[in-house]
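Structure, as C-alpha cells:
Residue numbers (the working numbering), protein chains in the order written: chain C, 1 to 432; chain G, 433 to 864.
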C-alpha cells in the first residue's frame, strides 16, 4: 500500500474537517462539549459545560447549584449523535445552494421531502399520502402559518362593525403557551385568543369560527388528546411534536387535515429550527405557503441540508437505533422519577397508560417528555416555589394556564440535568 | 516523509468530506452545479443547470429560451466562493448545537455577532457601536419584527372605536413589495398599510403614528434614499440590504435608530435566510426580540454557523477580495447594459451618480443591483409585455407600485443569465 491509496486526497474540505475534528476531540469530562462557534478562551475553542458543571474540562460539579428542569432542550439525544458521528457529519461547500429556491422554484428540498415521508412510513405515526408538505423555522413558524391560513379575511376597509367575526383560537388547559402568544402578538382582526377549549364546548355549532390546537401527546402532561370542539365551523391544528416512539406508543398513523411536526423532539436538534406540516386541503396549503413566503421567504437551505443528513442517518437502520436509544432513555428516566416521587405523599406525577406501539411491535410503558408534578398539600399553593426552595427550577403550571399547584419538569434535557433533578427530588422527598 | 505525516487522519468527517468533494467535482460546463441535496439521476448526484441550459453536463443552450431576469437571486457571487473553497467550507458534527440557545441563554451566536460588527467596521458602512443586535430568517423576518415592534398595542378588549389609531405603514414608490405584503397579511389593528410615503408628507406632524420604510440604495432603482416623513410621530425602518460596496459607493457609515442588513446581497447566500438588525432603543430591541422568539424561537444554529464561516472567510483579506470581485462584476454588467440600451430611443435606464467610496478610497461609478428600465414610447404602456415578447422575463413595475412603463431587470443573477439578458436586449434594440 502506498500513501493515499486507501483514501482519496481531500482538497478544499480538509482544513475545515480537521478543525471540526479538533474541536470535537476536546475533552469535557462528559459534562459538556466544545463547539466550532463557541466562545474561545485565549483564542482556542473551549468546553461549554452543562449547567452546574464548571472548570476548563467541565469536571467540577458546583455545590448547591439549582438544577434547570425548565425548558424542553432535547439534549437527551446528544449521546446518540456522538455515537453516530460518521453518518451524521455534514460537509458544506461555500457555494452550496446560494439561490432562494430549489430546482423546481420552490423553497422545499425534494430530497428532504422524500426522506420525511419515508420516515413517517417507517415509523407508522402519520399517513402522509395525498397531503401537501410545508417546511418552517421549527414547528413554531408553522403554527403561526396555520393560524393565519385558517382565519377569515375581514372585508376591505373594515372598521370594526359586527358583520365580521374573527376566528376564536382555543386549546385545552394545560397547553403550550406559544399558541396564545402567537395569537395575541399581531392584534389581528382575523383571529383572537379565547382560552380554554372546554369553555366553548356548547358554542361550537354556532356561526362563529373556531380554531382549536390539539397537542398529542400533550405538552406538558403527555396525554393523548382529541379535539374538544367539533362541527363545520371548527378547524383543528394538530401539533404532533411528541408523537414519536421516544415519548409514546404509536398505536396507529394519524391522518388529520393539518399535522405539524418538528425535528426538535425527533432527533433533538432544536437549535436547527426545522419543522414540517402536512396539509390536506389545497387552498389552506396555498395560504400557509404564502404566509411562509411573506414571513421569511421559505426555510434555510443549510438547515434543510442538515435535516436531510440527520434523517438519512436515522433511516440507515430503519430508525431502530434512534428510537431504541430515545425510548430507552425516556423510559428509564420516567421509571426512576416515579420511584422517587412514589415515596412521597406531598407530590404526585401524572398517570399514563401503557399503549401498544406498532413501531416496536409490543406494548410500551409510559415514557413522557415531561413530568407534570403536583403539590398535593393544601398549603403548597405555590408548587414552583416549593421546588425552587429545593433547588429545582421547573416551569410554572401557570405558564400552561393551569394552576401553580403544578410544575412541569423537563425530562428530555442532558443526563446531567436529569441526574441532578433526581438527586434534588430524592432529597426533597426524604425530608417528609 | 511517511504516510499520514503531513495531515492528521480524519475520523468521523472523512466520508462526508469525500462525498461533498465528489459532488463538487461533477462537471457542469460552467453552466450549473451539482448539490449534495440535488435530485439524483439514477441514484447519483446530477448537474442542476442554469436556466436555458440543459443536458447531463449543462452544455446545451436551449434555443429560443426566455431569460429569467426577475428575482434578485444573487448568484453573481458564486464564482467568488468557488475560488475561495477552502476558507468557506463548513464541517458540522451531528451533535453540533442541538439546544435552543447558546451559552448565554440567547439565540445569538456571540462569535457571529463579533464578526458582523467587525465587518461593518472594516467596510465602514454602519456604525454599530452602542446598538443591540438581533438575528432573523433573512432580513425578511426582521422587517416583520420591526413593524410589530414599532406599532402601538390597542387597549384590551378593543372593538374598533376611534380612540385608538394603528401605525400607518408607508414607503416611497417604487418600493419592495414585501413591505406591503407583511403589513397586510395579519389584518392587524396595530398597523395598516397606507401606500406611498409622499401622500402623507403634510400629515406627518399630526397625532397619527407613521412607520416609513427607507431602502437605501433603493430596490428597484438603486437611488440613495432619505426619509420622506419626519417628526416625533414617525418611526423609520432603514433597510440597508444593498448598502455594500458591490452596489454603491460607501460615502459614510450609516448611524440610524433601526438598521436592517442581510447576508443575501452581501455574500450571495440568499438560500441561507440570514439577516441582522441593529437597534438603538432598548425597549424596541426587547419588543423585536420577543417577536422573533414567538415567531420562530430565534434563528437556526446551522445557518448562524454558516454565516460565521462565510464572514470569517470574507474578513481574511479585510473583505477586499469579496468586494473587488462583487463591485467589478456589477460595474461591468452595468456598463455593458448601458452601452446596449444607450443605442435605443425606445428604452432608458435610471441615471445614477458616481460616489466617493471610503472602502475603496476612490470615487466609484454606478454598479446597481437592478436595471430599472423604462419604455419611452407612448404606445408601450405595458413595458413588461414588450420585454416578454423579446424573451426577457423581468419584474413588472406594478409589483413595486410604480407603473408598468417600468420593468426591473435583475443584474445580480448568474453570469449566464446576464449574458442571455444582454443578447436579448441587443437584439431588441437592433430592431428599432
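The C-beta atom is built at its ideal place from N, Cα and C for all residues, glycine as well.
Rounded separation between residue i and residue j - CA only
| i | j | result |
| --- | --- | --- |
| residue 446 of chain G | residue 741 of chain G | 19 Å |
| residue 473 of chain G | residue 487 of chain G | 12 Å |
| residue 774 of chain G | residue 768 of chain G | 10 Å |
| residue 151 of chain C | residue 530 of chain G | 34 Å |
| residue 506 of chain G | residue 164 of chain C | 43 Å |
| residue 3 of chain C | residue 277 of chain C | Model confidence at residue 3 of chain C stands at a pLDDT of 49, short of 50, so the residue's coordinates are unreliable and nothing is read from them. |
| residue 836 of chain G | residue 829 of chain G | 5 Å |
| residue 333 of chain C | residue 78 of chain C | 16 Å |
| residue 821 of chain G | residue 82 of chain C | 57 Å |
| residue 452 of chain G | residue 859 of chain G | 41 Å |
| residue 809 of chain G | residue 781 of chain G | 14 Å |
| residue 233 of chain C | residue 262 of chain C | 27 Å |
| residue 651 of chain G | residue 113 of chain C | 33 Å |
| residue 314 of chain C | residue 321 of chain C | 7 Å |
| residue 699 of chain G | residue 678 of chain G | 10 Å |
| residue 295 of chain C | residue 841 of chain G | 24 Å |
| residue 846 of chain G | residue 368 of chain C | 50 Å |
| residue 411 of chain C | residue 372 of chain C | 10 Å |
| residue 479 of chain G | residue 468 of chain G | 11 Å |
| residue 484 of chain C | residue 346 of chain C | Since the first residue of chain C shown is 1 and the last is 432, residue 484 of chain C is not available in this structure. |
| residue 167 of chain C | residue 76 of chain C | 38 Å |
| residue 761 of chain G | residue 419 of chain C | 58 Å |
| residue 855 of chain G | residue 839 of chain G | 17 Å |
| residue 93 of chain C | residue 449 of chain G | 10 Å |
| residue 353 of chain C | residue 174 of chain C | 19 Å |
| residue 457 of chain G | residue 10 of chain C | 11 Å |
Chain-ordered neighbours of residue i on chain G, where CB pairs are closer than 7 Å
| i | result |
| --- | --- |
| residue 330 of chain C | Those do not exist, as residue 330 of chain C stays about 16 Å from chain G at its closest Cβ, beyond 7 Å. |
| residue 178 of chain C | 726 |
| residue 388 of chain C | Result: empty, since nearest Cβ-Cβ is about 18 Å, beyond 7 Å. |
Proximal chain C residues relative to residue i, where beta-carbon distance stays under 7 Å
| i | result |
| --- | --- |
| residue 542 of chain G | 39 |
| residue 858 of chain G | In chain order: nothing, as chain C lies at least about 26 Å away. |
Unbroken beta strand (DSSP E) run spanning residue i, endpoints
| i | result |
| --- | --- |
| residue 212 of chain C | 210–215 |
| residue 639 of chain G | Element bounds for residue 639 of chain G: n/a, residue is neither H nor E. |
| residue 565 of chain G | 564–568 |
| residue 850 of chain G | No beta strand (DSSP E) holds residue 850 of chain G; the alpha helix (DSSP H) holding it covers 847–862. |
| residue 194 of chain C | 191–196 |
| residue 170 of chain C | 167–171 |
Strand pairing of residue i, partner residues [DSSP]
| i | result |
| --- | --- |
| residue 787 of chain G | G/796 |
| residue 371 of chain C | C/409 |
| residue 476 of chain G | G/473 |
| residue 692 of chain G | G/671, G/709 |
| residue 255 of chain C | Looking at the DSSP assignment, residue 255 of chain C forms no beta bridge with any residue, so it has no partner. |
| residue 49 of chain C | C/32 |
| residue 59 of chain C | The partner list for residue 59 of chain C (beta bridge, DSSP) is empty, contrary to what the question assumes. |
| residue 825 of chain G | G/500 |
| residue 620 of chain G | C/188 |
| residue 779 of chain G | G/807 |
| residue 486 of chain G | G/492 |
Exposure label - residue i; buried when at least 16 CB within 10 Å
| i | result |
| --- | --- |
| residue 536 of chain G | exposed |
| residue 33 of chain C | buried |
| residue 430 of chain C | exposed |
| residue 705 of chain G | buried |
| residue 562 of chain G | exposed |
| residue 50 of chain C | buried |
| residue 749 of chain G | exposed |
| residue 5 of chain C | Low local confidence applies: a pLDDT of 43 at residue 5 of chain C is under 50, so the model's placement there is unreliable, and no value is given. |
| residue 519 of chain G | buried |
| residue 381 of chain C | exposed |
Run of the alpha helix (DSSP H) containing residue i, from where it starts to where it stops
| i | result |
| --- | --- |
| residue 123 of chain C | 110–123 |
| residue 294 of chain C | 282–296 |
| residue 86 of chain C | 85–88 |
| residue 455 of chain G | 446–456 |
| residue 330 of chain C | 320–342 |
| residue 735 of chain G | 733–747 |
Interface partners of residue i on chain C, CB under 8 Å
| i | result |
| --- | --- |
| residue 742 of chain G | 94 |
| residue 482 of chain G | None at all; the shortest Cβ gap to chain C is about 10 Å. |
Chain-ordered neighbours of residue i on chain G, where CB pairs are closer than 8 Å
| i | result |
| --- | --- |
| residue 33 of chain C | 527 |
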